[in-house]
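A.B. asks: If you scroll down you'll find the structure; I have some questions about it.
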Amino acid sequence: MELMRAARLHIPSRTLTIEEVPRPVAGPGQVLVKVEAAGVCLSDVHLIGGSLTPTHLRRETVTLGHEVAGTIAELGRDVTAWAVGQRVVLQAGDIRDGLVLTRGVDYDGGWAEYALASVDTLFHLPDAIPFEQAAIIPDAVSTPWGAITATAEVRPAQAVGVWGVGGLGVHAVQLLRAVGACPIIAVDPLPAARRRALDFGADVALDPADPRLREQVLTATGGRALEVAFDFAGAAVVREQALTLLAPRGRLVLVGLADKALTVADGALFSYQQHQILGHYGSAVDAVPQLVALVEGGRLDFSRSITDVLPLADATKAVQRLHTKEGDPIRLILRP
Numbered sequence: 001m002e003l004m005r006a007a008r009l010h011i012p013s014r015t016l017t018i019e020e021v022p023r024p025v026a027g028p029g030q031v032l033v034k035v036e037a038a039g040v041c042l043s044d045v046h047l048i049g050g051s052l053t054p055t056h057l058r059r060e061t062v063t064l065g066h067e068v069a070g071t072i073a074e075l076g077r078d079v080t081a082w083a084v085g086q087r088v089v090l091q092a093g094d095i096r097d098g099l100v101l102t103r104g105v106d107y108d109g110g111w112a113e114y115a116l117a118s119v120d121t122l123f124h125l126p127d128a129i130p131f132e133q134a135a136i137i138p139d140a141v142s143t144p145w146g147a148i149t150a151t152a153e154v155r156p157a158q159a160v161g162v163w164g165v166g167g168l169g170v171h172a173v174q175l176l177r178a179v180g181a182c183p184i185i186a187v188d189p190l191p192a193a194r195r196r197a198l199d200f201g202a203d204v205a206l207d208p209a210d211p212r213l214r215e216q217v218l219t220a221t222g223g224r225a226l227e228v229a230f231d232f233a234g235a236a237v238v239r240e241q242a243l244t245l246l247a248p249r250g251r252l253v254l255v256g257l258a259d260k261a262l263t264v265a266d267g268a269l270f271s272y273q274q275h276q277i278l279g280h281y282g283s284a285v286d287a288v289p290q291l292v293a294l295v296e297g298g299r300l301d302f303s304r305s306i307t308d309v310l311p312l313a314d315a316t317k318a319v320q321r322l323h324t325k326e327g328d329p330i331r332l333i334l335r336p
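Number 265 in UniProt numbering belongs to position 265 of the sequence shown; there are no gaps in the numbering.
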């Protein structure tokens, strides 16, 4: 039996360890991928910290990592459309028996030397796109892309607000710029995050604690307020604040995950203004190939998103850096 290294999270104790585990074998409809790069996401931090718990995991331990790129190392016996050595990026999840399952949460992911993938979660990765940049496309980029284009249906020249300019929010700013939203107003309590938002294409970056916030939003939008607001922070206070800044028929899209109650302070005003609150999770199956095509075509560039690349052995260090925001990271990458 061949062994490999993997970063394994024991759910009952929330203990993350690097272990030697059996190397998987590709079954029917599967390929084995040699992992070249795997992203570290804030949801990984939440899993380790205990604020998120897998819904469909059938064991007590799981290999983390839902942002994965690599090369095909082995084919299942009935797989004919792919070849060993092909470069691939993996969808962040899968649908099995009608359930939406997340890689690295509900089943083993890519913080390992090798990862199993169903063929319907594979996408070809052009040679021109580095593995490190490709790995973050599922989730860090595809989740805000789906929120913007599918859930919110943002149109050119619409005024939008982005609360939380972290790993997802910063890409939302970049993608909103690409689809023509205007103005793009970023809201974050951290000065470094606000500077980053401006670097990535925001027109205005504001402090949510500023008592002049409403006045500043109205000034930036010519009195319109926000046609769409995105919560990438997953915080109740963000959602309550964003609702007060929506234009008539405005939409609040909840992307950041939170297990707290959602409160609408003035239900009558909410109805009168015909506001909407929309939940969003992940992305459709066409999001990753769309984004790969946009990167290959020179429309998008994620090179600035990779803050650092660390060896798999430093997975715990990477999680800590993301948790404490040491070095103001956008995305940290693990390389087995």
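By construction, the Cβ of each residue, glycine as well, lies at the ideal position given by its N, Cα and C atoms.
1. Any contact between the stretch 290-306 and the stretch 116-131? By contact I mean 3 or more CB pairs, one from each, below 8 angstroms.
2. In the DSSP assignment, find the unbroken beta strand (DSSP E) run with residue 230 in it and report its ends.
3. Between the Cα of residue 29 and those of 121, 100, 65 and 10, spot the shortest distance and give me the residue it belongs to.
4. With a cut-off of 8 angstroms on the beta carbons, I'd call residue 319 and residue 48 a contact; round off their distance for me.
5. Three or more beta-carbon pairs under 8 angstroms between the stretch 73-85 and the stretch 163-171, yes or no?
6. Per DSSP, which one or two residues make a beta bridge with residue 163?
7. Should residue 4 be counted as a contact of the ligand ATP given a C-beta to heavy atom distance under 8 angstroms?
8. Pull up the distance between the alpha-carbon of residue 6 and that of residue 239, whole angstroms please.
9. What's the call for residue 280, buried or exposed, on a 16-neighbour Cβ count within 10 Å?
10. Thinking C-beta only, is residue 162 closer than 9 angstroms to residue 184?
11. Inspect the beta-carbon positions of residue 39 and residue 70 and report whether they are closer than 9 angstroms.
12. Between which two residues does the alpha helix (DSSP H) holding residue 177 run?
13. Return the CA-CA distance between residue 103 and residue 35, expressed in angstroms with no decimal places.
14. Can you list, in chain order, the residues of its chain with a C-beta nearer than 6 angstroms to that of residue 92? Leave out the 5 residues immediately preceding and following it.
15. Let me know the alpha helix (DSSP H) ranges lying completely inside the stretch 194-224, each 4 residues or longer, listed in chain order.
16. Helix, strand or coil: how does DSSP classify residue 338 here?
17. Nearest to residue 1 by CA position, among 21, 14, 17 and 9, is which residue?
18. Residue 304 by DSSP, collapsed to three states: which one?
19. DSSP has residue 19 in a bridge; who is on the other side?
20. State the DSSP-derived secondary structure class of residue 155, mapped to helix, strand or coil.
21. Do the CB positions of residue 165 and residue 232 come within less than 9 angstroms of each other?
22. To the nearest whole angstrom, what separates the beta carbons of residue 234 and residue 256, a pair I think is in contact under 8 angstroms?
23. Determine the closest residue to residue 271 out of 11, 116 and 247, with distance taken between C-alpha atoms.
24. List the endpoints of the continuous alpha helix (DSSP H) containing residue 45.
25. Could you tell me which uninterrupted beta strand (DSSP E) segments, each at least 3 residues in length, are contained entirely in the stretch 89-139, listed from first to last along the chain?
C.D. replies: In short:
1. yes
2. By one-based count along the sequence shown, residue 230 stands at place 230. First-last of the beta strand (DSSP E) with residue 230: 226-231.
3. By one-based count along the sequence shown, residue 29 stands at place 29. Closest option to residue 29, Cα to Cα, is 121.
4. Walking along the sequence shown from the start, residue 319 turns up at place 319. Walking along the sequence shown from the start, residue 48 turns up at place 48. With a Cβ gap of about 6 angstroms, residue 319 and residue 48 count as contacting.
5. no
6. In the sequence shown, counting from the first residue as 1, residue 163 sits at position 163. According to DSSP, residue 163 bridges with 187 and 231.
7. Summarising the ligand content, the structure contains no ligands, and the ligand ATP is consequently not present.
8. Along the sequence shown, one-based indexing puts residue 6 at 6. Along the sequence shown, one-based indexing puts residue 239 at 239. Near 37 angstroms, if we compare the C-alpha coordinates of residue 239 and residue 6.
9. Translated into the one-based positions of the sequence shown, residue 280 becomes position 280. Buried, because 16 or more other Cβ atoms sit within 10 Å of the Cβ of residue 280.
10. As a first step, residue 184 is located in the sequence shown; it is residue number 184 there, counting from the start. As a first step, residue 162 is located in the sequence shown; it is residue number 162 there, counting from the start. Contact flag set, yes.
11. In the sequence shown, residue 39 corresponds to position 39, counting from 1. In the sequence shown, residue 70 corresponds to position 70, counting from 1. No; because the gap between Cβ atoms is not below 9 angstroms, this pair is not in contact.
12. Taking the first residue of the sequence shown as position 1, residue 177 is located at position 177. Unbroken alpha helix (DSSP H) run through residue 177: 169-179.
13. Position 103 of the sequence shown, counted from the first residue, corresponds to residue 103. Position 35 of the sequence shown, counted from the first residue, corresponds to residue 35. Going by the C-alpha atoms only, they are around 14 angstroms apart.
14. Stepping through the sequence shown from its first residue, residue 92 is reached at position 92. Only 66, 103, 138 and 139 meet the Cβ criterion.
15. 213-220
16. Residue 338 lies beyond the range of the chain shown here (1 to 336); nothing can be said about it.
17. Reading the sequence shown from its first residue, position 1 is the one you call residue 1. Comparing Cα positions, the closest option is 21.
18. One-based indexing of the sequence shown puts residue 304 at position 304. Helix at residue 304.
19. Within the sequence shown, numbered from 1, the residue matching residue 19 stands at position 19. Per DSSP, 6.
20. Taking the sequence shown and counting its residues from 1, the one referred to as residue 155 is at position 155. The answer is coil: DSSP assigns residue 155 none of H, G, I, E or B.
21. The residue given as residue 165 occupies position 165 in the sequence shown. The residue given as residue 232 occupies position 232 in the sequence shown. Taking 9 angstroms as the Cβ cut-off, residue 165 and residue 232 qualify as a contacting pair.
22. Numbered from 1 along the sequence shown, position 234 holds the residue referred to as residue 234. Numbered from 1 along the sequence shown, position 256 holds the residue referred to as residue 256. Rounded, the Cβ-Cβ distance is 3 angstroms, consistent with contact.
23. Within the sequence shown, the letter at position 271 stands for residue 271. Answer by Cα proximity: 247.
24. The residue labelled residue 45 in the question sits at position 45 within the sequence shown. Start and end: 42-49.
25. 93-96, 99-102, 114-118 and 122-124
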